[in-house]
Amino acid sequence: MRLPAVLFLVCLYGPLSAAVLHTGQGQRYADLTAAAKAAVPGDTILLHNGVYPGDQSLQGLQGAPGKWIFIIAEKSGAVLFEGGATAWKGSDIAYLHIEGVVFSRQTGNGLNVDDGASYASPAHHIVFRHCVFRDMAATGNNDLLKLSGADNLTIEQCTFLNGSPGGSGIDMVGCHNSIIRQCRFENMGANALQMKGGSSHIRVEACVFKNAGSRAINLGGSTGQAFFRPANATWEAADLEVYSNVFIGSEVPVAFVGCIRSEVANNTIYKPQRWAIRILQENKDTARFVKCGNNTFRNNIICVDDQMRTACSTGAGTAPESFIFSNNLWFHTGNNAWPGPQLPAPEKNRVAGQDPLFKNADQEDFNIKAGSPAAFAGFPLQHPEKDHAGKPFQPKRAIGAFEAAL
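Now the structure itself:
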């Protein structure tokens with residue numbers, strides 16, 4: 059028997075207080091701003107079904123360990139915040155769990171979370187679950203979810219649709235110790251997900267990126283020096299993990315841009331439009347910043363066609379020779395004789411010229427059939443522990459996002 063949503067959250071996070079702040083038309087609190095001003099640690103803000111205006115404020119809203127504040131839709135997907143420059147803005151917020159809310163047609167950023175420019179005290183411990191961010195009403199550098207100076211984030215089972223042509227699905231500047239899991243990004247602009255400005259220790263796993271913009275994932279980027287968190291970071295991003303994801307289309311699914319010590323492993327990349335990988339250095343301050351290098355690309359299936367220009371593009375000021383490439387399966391749908399790309403560093407245990415035998419790629423089913431050359435051919439890794447569908451990888455794991463059937 060399924061637990062009611064609020065009772066389930068009690069089991070997950072500890073006891074909630076008796077206060078449920080009913081919010082919406084005809085309720086005690088007419089809008090989220092009013093409810094957020096009244097909420098104290100342990101409270102639940104229950105958003106009743108309906109359409110709400112944007113430009114709501116969560117300023118300073120903080121729960122506490124064991125007393126999170128919950129902002130929950132009465133019915134998942136039936137609470138819509140539409141319009142405004144930003145649907146919600148939250149500075150210096152902490153211990154918040156946000157679930158089941160839809161954000162649509164903002165002109166600035168869909169939702170904005172930041173540290174209030176107090177870099178030593180980030181926003182922290184924030185969960186987004188089963189939320190939808192969609193249809194930016196802008197064309198510039200406008201993001202569906204903007205996160206600046208936010209740590210210990212969990213973003214899971216959320217959907218990001220129809221981003222601004224110049225913006226991101228999720229833009230993370232100086233964010234740390236976070237996970238993005240089982241999300242879907244579709245029809246993005248500049249990128250689906252960007253982690254830059256000193257961001258570190260972020261895992262992206264079991265997500266789908268479909269036609270996710272110029273760069274589906276931007277591991278790093280280019281950040282003004284005043285916005286780095288920490289201020290003395292010598293890299294755009296470090297210690298990022300990209301595991302068990304599926305990439306369909308995009309100009310380039312994976313861009314390493316001024317990042318170090320990051321790993322892209324056990325992903326499936328299907329028909330990228332121009333490149334499979336880019337290695338770039340966009341922040342040109344060579345006195346401060348180390349070169350993009352010491353990253354790993356391993357156990358990935360890369361299935362391409364004639365629209366791809368070059369599999370791996372490298373830019374000036376990088377250290378591509380320091381990358382580790384191994385156990386990737388490279389297959390060209392129109393040329394079985396393709397031996398795979400010329401990479402900037404040697405690749406060990408490459409598999410090339412062999413169809414990975416997806417069950418039904420046209421229907422986005424990238425499970426591999428019995429007898430796939432990807433089965434049992436991966437490099438033994440500790441992480442990721444599970445494949446895209448949540449199935450444990452075997453000690454002799456498969457290449458790609460899906461473990462082989464036993």
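Taking this note's numbering, the leading residue of the sequence shown gets 59, the next gets one more, and so forth.
Glycine included, each C-beta is placed from N, C-alpha and C at the ideal position.
Could you name the residues of the same chain whose beta carbon sits closer than 6 Å to that of residue i, not counting the 5 residues immediately before and after it, in chain order?
i, result
"Lys268", "Glu244, Ile306"
"Asn425", "Lys417, Phe460"
"Thr372", "Ile337, Pro378, Pro402"
"Thr212", "Val185, Ile237"
"Cys265", "Cys241, Asn303"
"Ala136", "Asn107"
"His183", "Ala152, Tyr153, Asn210"
"Thr217", "Val190, Arg242"
"Glu157", "Ile130, Arg187, His188"
"Lys449", "Glu461"
"Glu422", "none"
"Ala333", "Reading off the sequence shown, one finds Trp at residue 333, where the question assumed Ala. Cβ neighbours of Trp333 beyond the five flanking positions: Val310, Thr368, Ser371."
"Arg356", "Ala323, Ser384, Asn385, Phe437"
"Val262", "Ile238, Val300"
"Ala77", "Asp101"
"Val549", "In the structure displayed, the chain extends from 59 to 464; residue 549 sits before or after that span and is not available."
Got a sec? Which residues, its chain only, sit under 7 Å from residue i by beta carbon, not counting five neighbours each side?
i, result
"Ala122", "Pro99, Tyr153"
"Gly256", "Gly232, Phe286, Arg287, Pro288, Ala291"
"Ala433", "Ile426, Ala456, Ala462"
"Pro453", "Pro438"
Got a sec? Which residues, its chain only, sit under 8 Å from residue i by beta carbon, not counting five neighbours each side?
i, result
"Pro404", "Phe383"
"Ser272", "Gly247, Ala248, Asn249, Ser308, Glu309, Val310"
"Phe389", "Ile359, Ile360, Cys361, Val362, Trp396, Ala410, Gly411, Gln412, Asp413, Pro414"
"Gln85", "His106"
"His446", "Ala264, Ser302, Asn303, Val304, Thr326, Phe424, Ala459, Phe460"
"Ala96", "Leu79, Tyr87"
Anyone know if the C-beta pair for residue i and residue j falls short of 8 Å?
i, j, result
"Cys350", "Val304", "no"
"Gly282", "Ala295", "no"
"Ile457", "Asn386", "yes"
"Ala143", "Asp113", "yes"
"Leu251", "Ser222", "no"
"Ile327", "Cys370", "no"
"His80", "Ser134", "no"
"Gln83", "Gly108", "yes"
"Asp17", "Ser179", "Residue 17 falls outside the range modelled here, since the chain spans only 59 to 464, and no answer is possible."
"Asp201", "Asn220", "no"
"Ile130", "Leu104", "yes"
"Thr165", "Ala145", "no"
"Gly148", "Ala181", "yes"
"Ser380", "Asn341", "no"
Looking only at DSSP bridge pairs, what is residue i linked to?
i, result
"His473", "Since the first residue shown for the chain is 59 and the last is 464, residue 473 is missing from the structure and cannot be characterised."
"Asn167", "Thr144"
"Val315", "Gly278, Leu338"
"Ile306", "Lys268, Tyr328"
"Asp172", "Ser149, Ser206"
"Val348", "None, per the DSSP bridge assignment."
"Tyr301", "Glu263, Ala323"
"Pro453", "DSSP output for Pro453 lists no bridge partner at all."
"Leu79", "Ile103"
"Ala295", "Ser257, Cys317"
"Ser384", "Arg356, Lys406"
"Ser179", "In the DSSP output, where bridge partners are listed per residue, Ser179 has none listed."
"Phe286", "Phe286 pairs with nothing; no bridge assigned."
"Phe460", "None; Phe460 has no bridge partner."
"Thr372", "Ile337"
"Arg367", "Answer is none; Arg367 lacks a bridge partner."
Next item on the list: Please specify which runs of the beta strand (DSSP E), each continuous and at least 3 residues long, are wholly inside the segment 195-272, giving them in chain order.
Entry: DSSP runs (the beta strand (DSSP E)) wholly in the segment 195-272: 203-206, 208-214, 217-219, 226-231, 234-239, 242-244, 249-254, 257-263, 266-268.
Notebook entry, point to check: Does the pairing of the segment 162-173 with the segment 199-212 give three or more beta-carbon distances under 8 Å?
Noted result: Touching, yes, given that three or more Cβ pairs across the two stretches are closer than 8 Å.
Margin query: Three or more C-beta pairs under 8 Å: does that hold for the segment 405-413 against the segment 307-323?
Written below: Contact annotation: the segment 405-413 does not touch the segment 307-323, with fewer than three C-beta pairs closer than 8 Å.
Margin query: I'd like the ranges of any beta strand (DSSP E) spanning at least 3 consecutive residues and lying wholly in the segment 82-133.
Written below: Here the runs fully enclosed are 102-105, 108-111, 127-131.
Note to self: What ranges does the beta strand (DSSP E) occupy inside the segment 386-447, keeping only unbroken runs of at least 3 residues that lie completely in it?
What the structure shows: As far as the segment 386-447 is concerned, its whole beta strand (DSSP E) runs of at least 3 residues are 387-390, 416-418, 423-426.
Note to self: Check whether the segment 288-302 and the segment 362-371 touch, using three or more Cβ-Cβ pairs below 8 Å as the test.
What the structure shows: The segment 288-302 vs the segment 362-371: no contact.
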